[in-house]
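Visitor: With positions in the sequence shown counted from 1, the corresponding number in this note's numbering is that position plus 628.
From the three backbone atoms N, C-alpha and C, an ideal C-beta is built for every residue, glycine too.
Fair warning: this is a prediction, and the values are worked out from it, not measured in the lab.
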Amino acid sequence: MTSLVTTMTHEARIIRHAGLAYTRARQEAGLATVERALRGYFDWRAAAAAGRGDGGLPDIVRLWGTAELLSVNAQKWGELGVGESGLRLEVHSTPELQHYRASGVPAFATIHYRSLMSALMRAAGLPDDVRADWRGDSLILQAGQTPSPGEEERPGVPLSGEEGLALVRATCENRGALLVFLGREAEETFGADGDRMFREAVRGFGEERGAAMRLDHLSKGLSLDLVNMMELYDSGGNENVWQYRDAGTLTPVEWSQDCTFCPFVQPWRDLDGLRYGEIYDYEFHVSQFKAYREDIEVKWGELMSRGDATCEFRFSIPSPVRA
629 MTSLVTTMTH EARIIRHAGL AYTRARQEAG LATVERALRG YFDWRAAAAA GRGDGGLPDI
689 VRLWGTAELL SVNAQKWGEL GVGESGLRLE VHSTPELQHY RASGVPAFAT IHYRSLMSAL
749 MRAAGLPDDV RADWRGDSLI LQAGQTPSPG EEERPGVPLS GEEGLALVRA TCENRGALLV
809 FLGREAEETF GADGDRMFRE AVRGFGEERG AAMRLDHLSK GLSLDLVNMM ELYDSGGNEN
869 VWQYRDAGTL TPVEWSQDCT FCPFVQPWRD LDGLRYGEIY DYEFHVSQFK AYREDIEVKW
929 GELMSRGDAT CEFRFSIPSP VRA
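1. A747 and F670 look like a contact to me (Cβ under 8 Å); what is the Cβ gap, rounded to whole Å?
2. Going by the DSSP bridge assignment, what does I768 pair with across the sheet?
3. Please report how far the alpha carbon of E815 lies from the alpha carbon of R934, in whole angstroms.
4. Taking the runs of the alpha helix (DSSP H) that are 4 residues or longer, which of them lie wholly in the stretch 788-865?
5. So, at 6 Å on beta carbons, what are the nonlocal neighbours of E707 in its own chain, with the 5 sequence-adjacent residues on each side left out?
6. May I ask which residues mark the beginning and end of the alpha helix (DSSP H) holding L691?
7. Considering only their Cβ atoms, is the gap separating V689 from P775 smaller than 9 Å?
8. For a cutoff of 9 Å on Cβ pairs, would you count V808 as touching chain D?
9. Determine the burial state of T694: buried for a count of at least 16 other Cβ atoms within 10 Å of its Cβ, exposed for fewer.
10. S631: buried (16+ other C-beta within 10 angstroms of its C-beta) or exposed?
11. Measuring CB atoms only, is the stretch 782-789 touching the stretch 727-737, in the sense that at least three cross pairs come out at less than 8 Å?
12. Taking a contact to mean a Cβ-Cβ separation below 9 Å, would you say R641 touches H727 in this structure?
13. Does the separation of the CB atoms of R716 and Q770 fall below 9 Å?
14. Rounded to the nearest angstrom, what separates A702 and T799 at their Cα positions?
15. Exposed or buried, what is G929 when buried is set at 16 or more other beta-carbons lying within 10 Å of its beta-carbon?
16. Which same chain residues end up closer than 6 Å to H720 when comparing Cβ atoms and leaving out the 5 residues on each side of it in sequence?
17. Are at least three pairs of beta-carbons, each pair with one atom in the stretch 892-909 and one in the stretch 819-837, less than 8 Å apart?
18. Straight-line CA distance for L860 to A677?
This is the structure in structure tokens:
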């Protein structure tokens with residue numbers, strides 16, 4: 629459960645940093661770019677879910693694949709009711725909503741969930757007008773003909789066991805696709821400026837995570853070295869999703885390991901988005917590791933986002949580890 633909640637929060641972080649970077653550069657036009665990217669991203673996911681079933685709205689939701697819908701009821705993060713002609717979603721404590729609220733940008737939650745709900749409706753061939761309102765700390769969204777309590781389906785998938793692990797894997801894959809949609813929409817709208825905006829968003833995502841780990845480790849009296857960074861890494865699902873050739877080398881001053889499976893790569897290929905994957909690989913890792921400790925050298929041999937068979941991580945600290 630902790631891995632999945634962390635993974636879901638990372639997706640919200642990416643969306644928030646894109647919103648901040650794009651609006652900083654282009655104000656209202658930047659925010660509209662994020663909304664279009666999310667619309668495309670959720671349409672892609674909804675079309676895939678529709679293709680796995682009968683195409684009806686309840687079936688699309690059942691086959692959605694990740695926890696931001698399927699675990700709302702199971703985890704008591706809110707309530708989701710689905711009918712043949714509409715759905716109602718109330719969220720008050722999903723990881724994404726909590727992140728947006730804690731970061732002072734609850735408006736991003738409205739954009740996020742409205743884009744998701746409208747994509748579900750479009751995939752089912754239904755009108756996609758979504759009504760969104762805040763009631764205290766709860767965000768309530770309704771679309772189409774809201775099902776009555778006796779007629780609605782209430783899907784619920786727990787965050788534990790094999791079902792939870794499947795949600796972790798799917799959520800990690802979807803994060804790779806999200807990056808493509810955010811990067812491509814910015815570049816197609818603003819050209820070279822859009823490329824810079826996307827890079828700024830990815831750097832912000834990496835810096836925030838690296839700085840948070842730095843503060844956490846220092847507060848616990850730990851030295852800032854590669855053993856502590858990797859063994860206490862803040863990645864949800866890392867042990868069960870990413871795969872490595874072997875244990876590699878991990879010392880306080882060196883991390884050398886070959887990744888043989890990354891869940892982001894197949895979506896990057898499917899969406900012809902390896903270019904955005906390579907931007908992510910470089911900008912994220914450099915920003916995250918250097919925010920943790922400025923003198924870490926971030927290098928690769930092979931890199932899957934460049935079309936190679938593996939990602940050969942070759943990160944090091946050139947000077948002795950300071951206490």
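Guide: In terms of the structure at hand:
1. 4 Å
2. E718, D761
3. 19 Å
4. 789-818, 820-847, 854-859
5. E718
6. Element bounds for L691: n/a, residue is neither H nor E.
7. no
8. Absence of chain D from the displayed structure is noted, only one protein chain being present.
9. buried
10. buried
11. no
12. yes
13. yes
14. 17 Å
15. exposed
16. G706, D765, S766
17. yes
18. 35 Å
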